[in-house]
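I have placed the structure first, in the form of structure tokens, so that the comments after it can refer back to it.
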Amino acid sequence: MTRNKSVANSVLVVGDDKLAYSIATNILAAGQRVTIFAADSTAAHLAVQRDSPQTIHQLDLLTELPDTIPCQLVVAVIAESLAEKKHAIRQLECRIADDTIIAINTDSISLDQLQEGSDVPARILGLNWTYPAHQTYFAEIICNAVSDSRQVDWLEKLAKEKWGKDPYTVRTGFSVRARLFAAMVREAGYLVAHGYATVESVDRACRNDAGYYLPFAGNFRYMDLMGTYAYGMVMKDLNPDLSNATQVPPFMKRLVETGETGMASGKGFYTYSDDGVDYWEKIYRVFSKEIFELMRKYNHEEAIDL
Numbered sequence: 478m479t480r481n482k483s484v485a486n487s488v489l490v491v492g493d494d495k496l497a498y499s500i501a502t503n504i505l506a507a508g509q510r511v512t513i514f515a516a517d518s519t520a521a522h523l524a525v526q527r528d529s530p531q532t533i534h535q536l537d538l539l540t541e542l543p544d545t546i547p548c549q550l551v552v553a554v555i556a557e558s559l560a561e562k563k564h565a566i567r568q569l570e571c572r573i574a575d576d577t578i579i580a581i582n583t584d585s586i587s588l589d590q591l592q593e594g595s596d597v598p599a600r601i602l603g604l605n606w607t608y609p610a611h612q613t614y615f616a617e618i619i620c621n622a623v624s625d626s627r628q629v630d631w632l633e634k635l636a637k638e639k640w641g642k643d644p645y646t647v648r649t650g651f652s653v654r655a656r657l658f659a660a661m662v663r664e665a666g667y668l669v670a671h672g673y674a675t676v677e678s679v680d681r682a683c684r685n686d687a688g689y690y691l692p693f694a695g696n697f698r699y700m701d702l703m704g705t706y707a708y709g710m711v712m713k714d715l716n717p718d719l720s721n722a723t724q725v726p727p728f729m730k731r732l733v734e735t736g737e738t739g740m741a742s743g744k745g746f747y748t749y750s751d752d753g754v755d756y757w758e759k760i761y762r763v764f765s766k767e768i769f770e771l772m773r774k775y776n777h778e779e780a781i782d783l
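Basically our numbering = 1-based index in the sequence shown + 477.
Here is the structure:
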């Protein structure tokens, strides 16, 4: 069935967490009209009002989906479950125009799986963000051979020119960010599980080395800066000893099984009081703003052709 064309400059954000709310804030700052579909509309409104009070008048809220959603783009932030993501896609497809893009987050699930059974598979794209979306350059666009190249180009341009992102596009249907992060976490988990390092030591190693240079250059440019020969020699000797585990370490499984899932539960790898959670949330937003400005100051795009 062909539905009416989408309404330009209108975006629906689907999600019930702080990442979704910060995405809405980011898009509102670009001058676009945003509707958030969330079970907790009060929390969504308060989050956007806190971070961007000057754009709150451009925000609409929904707790139920209407029969017709006249938007140009749907940004969905759904739990990492194939069943839940496909359910969300089905709920959206019967309500939006055929030329509306569905840009959905996906880390471990391939775009091919999300497109399967869709009315218009070419318009389903992967789009990953990081929190707080309105204070980071990160945007990962995921497409494949089925994707509509014009829509991919449009989304790239929108992310770069309107949302203030430094986007990249993965054309093989899966997330690069997720694999890089998972590889680092796998090795960290292995070191802790086998008693080679503590959680605190791993965090300090990441924060004070990789965390120091990654916002400036990224892995490959940093190796260029330091000299690739040394890294090649280290990797030659070290790679055979790195973890190739295919399962989550037991100590991490126990955290999930006991509900110790991080700050939201008051305990994860560390323990947090209610005041402690509020403190970390507050300083993380401050830190993100400051590191965002520092990255803007040392913009790698400006020096890329020198």
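Glycine is no exception: its CB is placed at the ideal position from the N, C-alpha and C atoms.
- Annotated three-state conformation of residue 714 is helix, per DSSP.
- For residue 637, the secondary structure class from DSSP, reduced to helix, strand or coil, is helix.
- The Cβ atoms of residue 628 and residue 602 sit closer than 9 angstroms to each other.
- When DSSP states are grouped into helix, strand and coil, residue 696 belongs to the helix group.
- Proximity of the stretch 510 to 527 to the stretch 538 to 552 meets the contact definition, three or more beta-carbon pairs being nearer than 8 angstroms.
- About 6 angstroms separates the beta carbons of residue 722 and residue 663, which is inside the 8 angstroms limit, making them a contact pair.
- For residue 580, the uninterrupted beta strand (DSSP E) run begins and ends at 578 to 581, by DSSP.
- A Cβ-Cβ distance of about 6 angstroms is found for the pair residue 728 and residue 670, placing them in contact under the 8 angstroms criterion.
- Segment contact: the stretch 493 to 504 against the stretch 604 to 615, three or more CB-CB distances shorter than 8 angstroms; contact assigned.
- Residue 679 is positioned such that its CB atom lies closer than 9 angstroms to that of residue 668.
- Distances from the alpha-carbon of residue 624 to those of 558, 579, 643 put 579 closest.
- Residue 562 has its alpha-carbon roughly 31 angstroms from the corresponding atom of residue 751.
- Here residue 645 is bridged, per DSSP, to 617.
- For the stretch 512 to 541, the continuous beta strand (DSSP E) assignments of 3+ residues that do not extend past its boundaries occur at 536 to 539, in sequence order.
- Annotation: residue 686 to residue 618 spans about 28 angstroms, alpha carbon to alpha carbon.
- Secondary structure of residue 601 (DSSP, three-state): strand.
- Residue 491 and residue 675 have their C-alpha atoms some 38 angstroms from each other.
- Residues of the same chain with their beta carbon placed closer than 6 angstroms to that of residue 763 are lacking, with the five preceding and five following residues left out of the count.
- In this structure, DSSP gives residue 550 an extended state, which the three-state scheme calls strand.
- Take the alpha-carbon of residue 745 and the one of residue 738: they are about 5 angstroms apart.
- As the crow flies, the alpha-carbon of residue 754 is around 8 angstroms from that of residue 741.
- Burial check for residue 757: the Cβ neighbour count within 10 Å stays below 16, so the residue is exposed.
- Per DSSP, the continuous alpha helix (DSSP H) segment holding residue 499 begins and ends at 495 to 506.
- If you check the CB distance, residue 552 and residue 570 do not come in under 9 angstroms.
- Burial of residue 503 is indicated by the presence of at least 16 other C-beta atoms within 10 angstroms of its C-beta.
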